[in-house]
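Reviewing the structure listed below.
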Ligand code: NAP
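Numbering (our numbering), first residue to last: 25 to 488.
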């Protein structure tokens with residue numbers, strides 16, 4: 025038994041990343057009875073909340089209300105936020121080992137996966153990651169440009185991110201201007217010439233990665249119809265049998281909605297959303313360096329040796345004209361200095377959230393939660409149980425005395441180190457000034473907030 029975690033010697037935890045899994049780490053640690061804990065959370069951006077701010081779609085404000093619970097956690101005495109402080113640039117593992125007993129990495133999966141087809145790097149071909157970050161006002165993406173003068177857009181992948189991207193492209197300015205979409209995106213989208221948006225799923229409706237509310241929402245556009253080919257909405261015998269088994273409630277609801285769309289008459293709205301199934305891009309065709317079309321192959325579904333239905337290409341090809349293409353086929357984590365990484369999975373190497381070395385042995389003091397632990401899956405709430413599992417291990421290891429032995433385990437010493445490395449750090453009260461300024465600006469326009477999209481603007485408000 026160690027005496028760490030008592031009034032005399034609080035457990036000191038550094039949390040790298042301020043998204044949902046970072047904040048669920050905080051709330052889980054606060055729940056541990058009898059544990060006295062001090063937590064310092066770091067983020068490379070001046071603003072907290074990770075994908076809740078920069079990933080959740082602006083027209084999904086309800087999903088963002090989780091920040092109220094995060095704020096409650098942040099208001100605890102043992103919590104401090106250090107925004108604008110980057111792990112690997114301003115602070116390093118060797119610094120953290122001097123002031124903390126445990127370090128938790130909750131840095132998410134910021135990179136997109138590639139399609140691996142010819143033409144993917146043509147102008148006009150982008151990752152959904154960039155587009156999402158751009159319309160959400162992420163400072164690293166604020167100056168990106170997307171050619172919305174194109175009439176035909178293809179979105180590859182059929183998960184919820186693809187749904188978000190297609191929704192933003194299909195909505196009218198009136199639908200978007202009541203959200204907290206970045207001003208630059210609203211201005212660009214107000215000039216949009218987009219008429220056709222194609223979402224391409226490589227498997228069938230029963231295997232689609234979107235969730236029931238998201239596919240249902242597609243039928244609610246003011247100015248866009250949903251088109252699904254009846255032949256592609258129909259299920260093959262194996263998919264039907266799997267659905268009839270009744271276990272996958274989401275798939276049952278998804279298929280109902282898809283088949284309803286396939287039967288619904290087109291109302292001739294100005295924009296058309298085409299949701300395609302069992303098709304894969306095989307090439308992005310270009311002219312003068314710019315994408316002009318996507319070559320597709322139609323797929324058959326074949327049951328593999330694990331009983332999963334896989335897409336297998338046929339020889340039936342088609343070409344869809346498109347001047348703008350977004351790939352939305354999942355995310356990958358970014359390796360962090362001094363932290364073992366599993367390159368095939370794109371996650372920190374870990375067992376249940378305990379970071380492990382090359383031989384699979386836990387590295388004392390290092391932990392992870394969220395997408396960088398398990399990969400990019402689940403909804404915001406999934407990170408709660410994910411963090412809970414890791415915190416369980418942190419507490420067990422604390423009891424067993426397995427952790428760092430910091431030479432200066434004090435809040436003051438850590439603060440002195442951070443001030444020396446990044447004098448422009450943003451505290452939680454500083455963030456509240458940014459938050460208040462954004463919300464006040466939003467009230468004047470009947471919007472939830474108007475976001476600052478440049479770090480310099482944020483710092484001016486925080487420090488001014
Ligand atoms: P996702 O749910 O994993 O979907 C990825 C999609 O890409 C799947 O349809 C997958 O098809 C397809 N795909 C993968 N490789 C492909 C390839 N080479 N060619 C064609 N298609 C390919 O990922 P995501 O959409 O990025 O979402 C990440 C997570 O965030 C998910 O858990 C999602 O639910 C969550 N999220 C939730 C919300 C919300 O709750 N509203 C919003 C956004 C994101 P296969 O199934 O065939 O592999």
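A virtual CB, placed ideally from N, CA and C, is assigned to each residue, including glycine.
Starting from residue i, trace the beta strand (DSSP E) in both directions and tell me its first and last residue.
i: residue 342; result: 333 to 345
i: residue 219; result: No beta strand (DSSP E) contains residue 219, which DSSP labels as neither H nor E.
i: residue 389; result: 386 to 392
i: residue 300; result: 295 to 300
i: residue 378; result: 378 to 380
i: residue 36; result: 35 to 40
i: residue 104; result: 103 to 107
i: residue 319; result: 314 to 327
i: residue 126; result: 126 to 129
Give the secondary structure of residue i by DSSP, where H, G and I count as helix, E and B as strand, and everything else as coil.
i: residue 195; result: coil
i: residue 67; result: strand
i: residue 307; result: strand
i: residue 116; result: coil
i: residue 98; result: helix
i: residue 175; result: coil
i: residue 25; result: Residue placement at residue 25 cannot be trusted, given a pLDDT of 49 that sits under 50; the coordinates are not used to answer.
i: residue 354; result: coil
i: residue 184; result: helix
i: residue 466; result: helix
i: residue 481; result: helix
i: residue 461; result: helix
i: residue 75; result: helix
i: residue 431; result: coil
i: residue 244; result: helix
i: residue 238; result: helix
i: residue 142; result: strand
i: residue 371; result: strand
Taking only heavy atoms of the ligand NAP into account, decide whether any of them is closer than 7 Å to the Cβ of residue i.
i: residue 401; result: yes
i: residue 233; result: yes
i: residue 238; result: yes
i: residue 182; result: yes
i: residue 384; result: no
i: residue 225; result: yes
i: residue 10; result: Summary: the structure shown does not reach residue 10, with the chain confined to residues 25 through 488, and so no result is reported for it.
i: residue 73; result: no
i: residue 84; result: yes
i: residue 48; result: no
i: residue 328; result: no
i: residue 304; result: yes
i: residue 352; result: yes
i: residue 32; result: no
For residue i, report the span of its alpha helix (DSSP H) as first-last.
i: residue 436; result: 435 to 445
i: residue 155; result: 152 to 159
i: residue 49; result: 44 to 54
i: residue 262; result: 261 to 268
i: residue 407; result: 406 to 424
i: residue 283; result: 273 to 287
i: residue 208; result: 207 to 214
i: residue 257; result: 254 to 257
i: residue 226; result: Segment: none, residue 226 is in no alpha helix (DSSP H) and carries neither H nor E.
i: residue 397; result: 395 to 398
Starting from the Cα of residue i, find the closest Cα among the options and give me that residue.
i: residue 346; options: 265, 82 and 175; result: 175
i: residue 427; options: 181, 390 and 199; result: 390
i: residue 430; options: 458, 412, 388 and 303; result: 388
i: residue 168; options: 154, 180 and 179; result: 154
i: residue 405; options: 118, 255, 90 and 320; result: 90
i: residue 45; options: 414, 434, 439 and 470; result: 414
i: residue 446; options: 483, 193 and 323; result: 483
i: residue 198; options: 486, 477 and 470; result: 470
i: residue 60; options: 339, 419, 234 and 385; result: 419
i: residue 14; options: 473, 365 and 444; result: In the structure as shown, the chain starts at 25 and stops at 488, and residue 14 therefore has no counterpart that could be examined.
i: residue 324; options: 302, 318 and 423; result: 302
i: residue 142; options: 411, 305, 443 and 432; result: 305
i: residue 400; options: 156, 98 and 369; result: 369
i: residue 102; options: 422, 62 and 337; result: 62
Looking at the ligand SAM, does it come within less than 7 Å of residue i, judged from the CB to the closest heavy atom?
i: residue 185; result: Among the ligands modelled here, namely the ligand NAP, the ligand SAM does not occur.
Using a Cβ-Cβ distance under 8 Å, would residue i count as near chain B?
i: residue 322; result: No chain B appears in this structure, which consists of one protein chain only.
Taking contact to mean at least 3 C-beta pairs separated by less than 8 Å, is the segment 144 to 151 in contact with the segment 300 to 315?
-> yes
inquiry  = Contact between the segment 264 to 282 and the segment 206 to 213 is defined here as three or more beta-carbon pairs at a separation below 8 Å; is this criterion met?
reply    = no
Item to check | Stretch pair the segment 102 to 112 + the segment 53 to 73: three plus CB contacts closer than 8 Å | outcome: yes
Decide if the segment 35 to 46 is in contact with the segment 124 to 132; the criterion is three or more beta carbon pairs, one per stretch, under 8 Å apart. yes
- Task: State whether the segment 355 to 374 contacts the segment 186 to 193, with contact taken as three or more CB pairs (one from each stretch) at a distance under 8 Å.
- Result: no
Next item on the list: Answer yes if the segment 46 to 54 comes into contact with the segment 135 to 144, meaning at least three C-beta pairs across the two stretches below 8 Å, and no otherwise.
Entry: no
Using a Cβ distance threshold of 8 Å, determine whether the segment 246 to 257 contacts the segment 273 to 289, with at least three qualifying pairs required. yes
(Q) Three or more C-beta pairs under 8 Å: does that hold for the segment 360 to 376 against the segment 156 to 168? (A) no
inquiry  = Count Cβ pairs between the segment 223 to 235 and the segment 272 to 284 that sit closer than 8 Å; are there 3 or more?
reply    = yes
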